[in-house]
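**Q** Chains as they are written, first to last, in the working numbering: chain A, 8 to 318; chain B, 520 to 781; chain C, -17 to 249. Glycine included, each C-beta is placed from N, C-alpha and C at the ideal position.
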Amino acid sequence: MIEVDGLSKRFVVRHGRFRRERHVVDAVKEISFRVERGELLGYLGPNGAGKSTTIKMLTGILVPSAGRVSVAGLDPSRRRIELARRIGAMFGQRVQLWWDLPLVDSFELLRHIYKVPADRYHTQLARFRDVLDLDPFLHTPVRQLSLGQRIRGELTAAMLHGPELLFLDEPTIGLDVVAKQRVRDFLVEINRQEGVTVLLTTHDLGDIERLCSRLLVIDHGSLIWDGAIAQLKERYGGERTLVVDLEEPAPPLDIAGARVEKVDGPRQWLRFRGSASELTAQVAASARLVDLQVQEPDIEEIVRRIYAGER
Amino acid sequence: MRLDWEIAKRGWRRYAAYPWATVAGIFTNTIFGFIQAYILLAVYRHRTDVGGYDVRDTVTYVWLAQAILMTVYVFGWQELALRIRDGSIATDLVRPLDPQRYWLAYDLGRAPYHFVFRGFLPFVFGALVFRLHTPSPLDAVAFLVSLAVAVVVSLGFRFLYNLSAFWLVDIRGVMMVSLSLSLFLSGMVMPLSFFPGWLGEIAHALPFASIVQAPIDIWLGKHHGAALAGVIALQAFWALVFLGLGRLALRAGSRKLVIQGG
Amino acid sequence: MVEPVLLWRRLVGAQVRSQLQYRVSFALDATGAFLISFIDFLAVLVIFHNVHRLGTWSVREVAFLYAFSSISFATTDLLIGHFDQFPQKIRDGNFDILLVRPRGTLFQVIGSDFQMRRLGKALQGLLVLGFVIGSLDIPWDAGRVAMLVVMVPAAIVIFGSVWVVGGCLVFWTTDGGEFTNAFTYGGNFLAQYPVDILSTWLRRFLAYIVPLAFVCYFPALYILDKPDPLGLPRFVDFLSPVVALVAVAVAGSVWRFAVRHYRSAGG
């Protein structure tokens, strides 16, 4: 569905009031990956890492500086309009609906922009009304919708023309727990039922854990991880943390097989691999222990470590 | 005083942050300057004097008007009205800083930026193509003083019509009328000396003439000695009138805010 | 050919419905546009208070130019918008949304800036025109009527093309929204007056290269049966439609070039 080969994007940024200093930024550096039809994958990275730039190149908004891209068999930057009919896109913080009009009017307009045949449009809409529960606000002007309702509207707008591939940029940002769950359920549903390939960028690791089987991580323009979440945990999640409370503040403990990550008064954080009980025994031997706790790495922690450059 | 200085710096920086807007504005002012200059030059094919202006006076007028257009800001301004409408004025009023003083300081920080960066170049472009009037050193100094007072008159007027937002849901109507009046009667669109006698007299008697016509006439050396001082005094009078009215209106508006909760 | 027009009508219809929800604002804005338009016209009258002729042009003849320019300006503004919202669209990334839709970007930009308040200015132009045509002694014949029918669409296309080119500057400097004013309001200001009063270099540039003289000046020479003060051959009076076609082709290329720049520089 998506084939990316050595894809790069270089921007010339100019600094100073009147753009005197030129300054080259490699927003995306020679990344390569493939996405098969029907995958649901997450695209992760800190702000400014190159996520949006990649998505813009995949959707045909930006022209790559180097490398090869093929989306649904098309070169996005050359065949933008043809591609646009076959993909859907939703940018969480931007409104593509008509602000002052009832939600359903936006759908009508998009139907004509995408030239969706009437019968197909009506079946599609009926389905989304049901799955996303749009009926209570279908005739409400978009400006009066809650964020959650609006996002449901935006998702429908992105899916009305029946795209094979859906790009989502931060689809759950700012949503409450219930609304988030609804969006996630919807994505799983269209992915499983219709085989729509979904690529989503997010900062919300809950999205990743619940939705994606595969994860791409980009940082400073380079792809630093491409693989299953389980593998990621195995690889980066090997270390656990032992939090110990000592009777009184002490210098960092010196124990073989563990290293002190942080000291806060009498509390210390030790990173270790292997058995927790062995380590506990060693700690107890070298200091007076009051309390302890073992922390398992969660995905947030893992991602933090990846960003921090622990490879 | 220190506080006013800080506020004024904010006013300057707000506009200095967008240098390309300045370039674009200079371009637009220059285009308008050329068209306007040639239109009025055509008038002088048949005459040598219009209302005491010779051809050089008139062309100088056109370029000076383009140069000070942004400085005296004869444009729709509604920053204050928007604060009143969205209710932020309530927080402004509880601060130990008078809103009128704030906006005056802010505008007096903005105006020098526009004078230097929006005024200088269009005038130079005009001077490269046309022979413009050079003022005497005294007139040049008096022009700067007069221009500074003109900024206060303009702010006083803008402040006043913005306050109508306390009573009206939508001030666009008021703004359009105010804008039309001040553009036309200040001499921005056409020198007041071109106006038919009665209309010219009315325009000269109104405060708007203090915003554009007065400083330009001083540059052109149309006033001397006591008359020169008189023109600036009249400008100062109108500045005080607008500020005074603004003060009264602000008091009435805040009273309304307190009683009716906005 | 028909389908895009129908879609354009739908897009416009959507905006009309949006704007009708704010009737008071619409009424105020339209009235304001109507009133403020008279300032330009007052300026024309003030000039003619001081002279009987501007070059070879009488007040009625200049008013004729004025009215046609105003109507063309206002209609162009109504139909394609004057790109004043465009810098914002680029800054907040909403232009990207247009790029992921299966339609031309210029078409979508034009279709998304329909403001009914601009009717106010059109109405003012019509009023002045009605008054002027009534007071001018025009030798109406088939040719002149045909010219009248052709000149307004041609003027709209020329204005529109010039504005599109001006709007393209925004792709390079999003702070430079003010540039568009030179092209829109500046173009209208120029077209309201006879171009023969301009100096040669300015006329060559603004009237012929930026083809604003073909908006009103040349067609008006023919309708008013005036000899060209510049002594250009008579057939130039009929060139507006041709110039309009060239202008629209140029504008299209400039737009494509600008969008290509945007898509490789990343806005």
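(1) Does the beta-carbon distance from Asn548 of chain B to Leu583 of chain B come in below 8 Å?
(2) Just the Cα atoms here: how many angstroms apart are Val91 of chain C and Glu241 of chain A?
(3) Mark Leu2 of chain C as exposed unless 16 or more other C-beta atoms lie within 10 angstroms of its C-beta, in which case mark it buried.
(4) Should His243 of chain C be flagged as near chain B, meaning a C-beta pair shorter than 8 Å?
(5) Can you check whether the CB of Leu651 of chain B is closer than 8 Å to the CB of Val578 of chain B?
(6) Skipping 5 residues on each side, what residues in its chain have a beta carbon closer than 8 Å to that of Leu286 of chain A?
(7) Which residues does DSSP list as the beta-bridge partners of Tyr50 of chain A?
(8) Residues of the segment 207 to 233 of chain C in Cβ contact with chain A at a cutoff of 7 Å, in chain order, please.
(9) At 4 residues or longer, what runs of the alpha helix (DSSP H) sit wholly inside the segment 529 to 585 of chain B?
(10) Here's the rule I'm using: 16 or more other beta-carbon atoms within 10 Å means buried, otherwise exposed. How should Phe193 of chain A be labelled?
(11) Short of 6 Å in beta carbon distance, which residues of its chain neighbour Ala15 of chain C, apart from the five on each side in sequence? Order them along the chain.
(12) In angstroms, rounded to a whole number, what distance separates the CA positions of Leu296 of chain A and Val267 of chain A?
(13) Would DSSP call Trp39 of chain C helix, strand or coil?
(14) Would Trp(-10) of chain C and Gly93 of chain C qualify as a contact pair, given that the criterion is a beta-carbon distance under 8 Å?
(15) Check whether the Cβ atoms of Phe141 of chain C and Ser19 of chain C sit closer than 8 Å, and answer yes or no.
(16) Along chain C, in chain order, which residues have C-beta atoms closer than 9 Å to that of Ile88 of chain A?
(17) Decide if Phe217 of chain C is buried, meaning its Cβ has at least 16 other Cβ atoms within 10 Å, or exposed.
(18) So, does the CB of Gly249 of chain C fall closer than 8 Å to a CB anywhere in chain B?
(19) Can you grab the Cα-Cα spacing for the pair Arg604 of chain B / Leu188 of chain C, in whole Å?
(20) At a Cβ cut of 9 Å, what residues of the segment 120 to 136 of chain A count as close to chain C, listed as they run along the chain?
(21) DSSP beta-bridge partners for Ser398 of chain A?
(22) Taking Cβ-Cβ distances shorter than 8 Å, what residues in chain C pair up with Met558 of chain B?
(23) Let's see if you can read the secondary structure: which residues bound the beta strand (DSSP E) around Leu725 of chain B?
(24) In the DSSP output, what is Gly234 of chain A paired with across the bridge?
(25) Given that a residue counts as buried once 16 or more other Cβ atoms are within 10 Å of its Cβ, and exposed if not, what is Asp126 of chain A?
(26) Give a yes or no on whether 8 Å exceeds the smallest Cβ distance from Thr13 of chain C to chain B.
(27) Taking 8 Å as the cut-off, does the segment 178 to 188 of chain C touch the segment 150 to 161 of chain C (at least 3 CB pairs, one atom from each stretch)?
(28) Any beta carbon of chain B sitting closer than 8 Å to that of Asn255 of chain C?
(29) Mapping the DSSP letters down to three states, classify Gly249 of chain C as helix, strand or coil.
(30) Put Thr87 of chain C into one of helix, strand or coil per three-state DSSP.
(31) Where do the ends of the beta strand (DSSP E) carrying Ile94 of chain A lie?
(32) Given that a residue counts as buried once 16 or more other Cβ atoms are within 10 Å of its Cβ, and exposed if not, what is Gly749 of chain B?
(33) Which bits of chain A does Ser0 of chain C rub up against, with CB to CB less than 8 Å?
(34) Using a threshold of 8 Å, state whether the C-beta atoms of Val593 of chain B and Ser705 of chain B are closer than that.
(35) So, using beta-carbon positions, are Trp145 of chain C and Phe65 of chain C closer together than 8 Å?
(36) Please report the Cβ distance between Val569 of chain B and Val731 of chain B, rounded to the nearest whole angstrom; I am assuming they are in contact, meaning their Cβ atoms lie under 8 Å.
**A** In this structure, then:
(1) no
(2) 50 Å
(3) exposed
(4) For His243 of chain C, the answer is no, since every Cβ of chain B falls outside 8 Å of its Cβ.
(5) yes
(6) Contacts found: Leu249, Ile262, Gly264, Ala265, Leu277, Phe279.
(7) The beta-bridge partner set that DSSP reports for Tyr50 of chain A consists of A:Thr208, A:Leu223.
(8) none
(9) Within the segment 529 to 585 of chain B, the runs of alpha helix (DSSP H) that reach at least 4 residues and sit entirely inside it are, in chain order, 538 to 562.
(10) Burial is judged here by how many other beta carbons sit within 10 angstroms of a residue's own beta carbon; Phe193 of chain A has at least 16 and is buried.
(11) Result list for Ala15 of chain C: Arg99, Gly102, Lys103, in chain order.
(12) 15 Å
(13) Three-state DSSP puts Trp39 of chain C in a strand.
(14) yes
(15) no
(16) Arg83, Pro84, Arg85, Gly86
(17) That one is exposed.
(18) Because the pLDDT of Gly249 of chain C is 49, which lies under 50, any placement of that residue in the model is unreliable, and the number read from its coordinates should be weighed accordingly. No, because no Cβ of chain B sits closer than 8 Å to the Cβ of Gly249 of chain C.
(19) 43 Å
(20) Those would be Ile120, Tyr121, Lys122, in chain order.
(21) Residue 398 of chain A is absent from the structure shown; chain A starts at 8 and stops at 318.
(22) Sequence inspection shows Ile at residue 558 of chain B; the Met mentioned does not correspond to that position. Using a Cβ-Cβ cut-off of 8 Å, Ile558 of chain B is close to Ile29, Leu36, Tyr175, Ile179 of chain C, given in chain order.
(23) Counting along the chain, Leu725 of chain B falls outside any beta strand (DSSP E), and DSSP gives it neither H nor E.
(24) Bridge partners of Gly234 of chain A according to DSSP: A:Leu222.
(25) exposed
(26) For Thr13 of chain C, a Cβ of chain B is located within less than 8 Å of the residue's own Cβ.
(27) no
(28) Outside the shown range of chain C (-17 to 249) lies residue 255 of chain C, about which nothing can therefore be said.
(29) The predicted position of Gly249 of chain C is uncertain, since its pLDDT is 49 and thus under 50; no value can be drawn from it.
(30) helix
(31) 94 to 98
(32) Gly749 of chain B comes out exposed.
(33) Trp105, Trp106, Asp107, Leu108
(34) Yes, Cβ-Cβ distance for Val593 of chain B and Ser705 of chain B is below 8 Å.
(35) yes
(36) About 17 Å; that fails the 8 Å criterion.
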